[in-house]
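These protein sequence lines map, in sequence, to chains A and B. The first sequence lines up with residues 36 to 173 when you count with our numbering. The second sequence lines up with residues 36 to 173 when you count with our numbering. Beta carbons: idealized from backbone N, C-alpha and C, even for Gly. Here is the structure we will look at.
There are 2 protein chains.
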Amino acid sequence: MNVDKAMEKLKEEGYKYTDKRMDMLQLFKDESRYLAAKDVLEALKDKYKGLSFDTIYRNLSLFSDLGILETTELAGEKKFRFTCSTDHHHHHLICLECGKTRHIDECPMDVSPVSAEGFAVTGHKFEVYGYCNECQES
Amino acid sequence: MNVDKAMEKLKEEGYKYTDKRMDMLQLFKDESRYLAAKDVLEALKDKYKGLSFDTIYRNLSLFSDLGILETTELAGEKKFRFTCSTDHHHHHLICLECGKTRHIDECPMDVSPVSAEGFAVTGHKFEVYGYCNECQES
DNA sequence: GTATTAAATCGGAATCATTCTTATAAATTT
DNA sequence: AAATTTATAAGAATGATTCCGATTTAATAC
């Protein structure tokens, strides 16, 4: 996934081109880590002085619906990152400080599938937490 | 873990005996599933008319600090359940409707440990979601 | 290039879960 | 029973997120 592809996808689906959307996507591209809504506001508020949370949340949720962003919930906050280009299902090692990630290729559901009689499995979450190089120092 | 042991633990640690704590613990014992603060309030509000969220949250957090309750975060809510009696590390299959659980004995971190150079791992989360028998019907 | 239309944005209010504060009440100790 | 310490109620405060009405803007039709 990259910015151009994402903007194309928006167009295909009948959504409009706006500078704010473009800049939001560029931000996720540049950062390539999990960001919260407030991080996005922080990054763009200088360029767009009246930028509202509503706009950010609306677009984050749109991007995530279109598969442009991946999402997780960490410490009571929704976090978003550019969908990884690796097209196969995978998980992440996540820095609790800055949101930076590393891939985990092996999915526990493949290695030893979980199932239970009468229980309809619909999804799973596997995340490993810690602190990245840079964040350990501070 | 059971109600009596939990109340003993409270006493050992210098906390006071109150009917509300006892009833909260009994509730978790009876339900044996993940409950949110509002579920606890709902269950006890008839017996204790002025029961406040503060009391519930304070006690939930105390119980969880003492290892009496396990906790997870689901759909933006903190959820709590009686700590499983199996004393070894394990995970859960969780019903998204009612919070009922099944054990998953195998931990993905044992099967194929995740590590990464320069990344200090501090924890992980593995949960499988779905719908239990009863909740599938409705 | 202007008019039309549908979608996007702003600004602030509303909501929801959770935490904090201060005064009062209850449990434990003496 | 009095003194001490912890627990509680009630409501205010907080933080993240969503909703709403009015306005603006992008895409499309003319």
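#### Entry: Three-state secondary structure (DSSP) of A/A155
Strand at A/A155.
### Task
With A/L109 as the anchor, note down where its beta strand (DSSP E) starts and where it stops.
Unbroken beta strand (DSSP E) run through A/L109: L104 to L109.
#### Entry: Closer than 8 Å at the beta carbon, the chain A residues around B/F154
Those within 8 Å of B/F154 in chain A are L128, C130, R137, G165, Y166, C167 and N168.
### Message
Let's test the definition: count the other Cβ atoms within 10 Å of the Cβ of A/H123 and tell me whether it reaches 16, buried, or not, exposed.
### Response
Exposed, because fewer than 16 other Cβ atoms sit within 10 Å of the Cβ of A/H123.
### Query
If we count Cβ pairs, one from each stretch, closer than 8 Å, do we get three or more for the region 45-55 of chain B versus the region 147-157 of chain A?
By the Cβ rule, the region 45-55 of chain B does not count as touching the region 147-157 of chain A, because fewer than three pairs are nearer than 8 Å.
### Task
Identify whether A/E132 lies in helix, strand or coil by the three-state DSSP scheme.
The answer is coil: DSSP assigns A/E132 none of H, G, I, E or B.
#### Entry: Where A/Y92 sits in the DSSP three-state scheme
Correct three-state label for A/Y92: helix.
### Query
What number of angstroms, rounded off, separates the C-alpha of A/F88 from the C-alpha of A/A78?
Approximately 12 Å, taken between the alpha carbons.
### Task
Can you give me the Cβ contacts of A/K64 inside the same chain, cut-off strictly under 7 Å, excluding the 5 residues immediately before and after it?
Here the set comprises N37, V38 and F117.
### Query
How long is the line joining the alpha carbons of A/L29 and A/M57, rounded to whole angstroms?
Since the first residue of chain A shown is 36 and the last is 173, residue 29 of chain A is not available in this structure.
### Query
Closest to A/P162 by CA distance: which of A/Y92, A/E108, A/E66 and A/K82 is it?
In the sequence on display, residue 162 of chain A carries Glu and not Pro. When each option's Cα is compared against that of A/E162, the closest is A/E108.
### Query
A/T136: buried (16+ other C-beta within 10 angstroms of its C-beta) or exposed?
Buried: at least 16 other Cβ atoms inside 10 Å.
### Message
As a quick exercise: from B/S67, B/D74 and B/C130, pick the residue whose alpha carbon is nearest that of B/E172.
### Response
Of the listed residues, the one whose Cα sits closest to B/E172 is B/C130.
### Query
Going by DSSP, which residues form a beta bridge with A/Y166?
As a beta-bridge residue in DSSP terms, A/Y166 pairs with B/A155.
#### Entry: is_contact[B/K160, chain A] using C-beta, thresh 7 Å
Output row for B/K160: interface = yes.
### Task
Give the secondary structure of A/K84 by DSSP, where H, G and I count as helix, E and B as strand, and everything else as coil.
The answer is coil: DSSP assigns A/K84 none of H, G, I, E or B.
### Message
Would B/Y92 and B/A72 qualify as a contact pair, given that the criterion is a beta-carbon distance under 7 Å?
### Response
Going by C-beta atoms, B/Y92 is nearer than 7 Å to B/A72.
### Message
Please tell me whether A/S147 has its Cβ less than 7 Å away from any Cβ of chain B.
### Response
For A/S147, the answer is yes, since a Cβ of chain B falls inside 7 Å of its Cβ.
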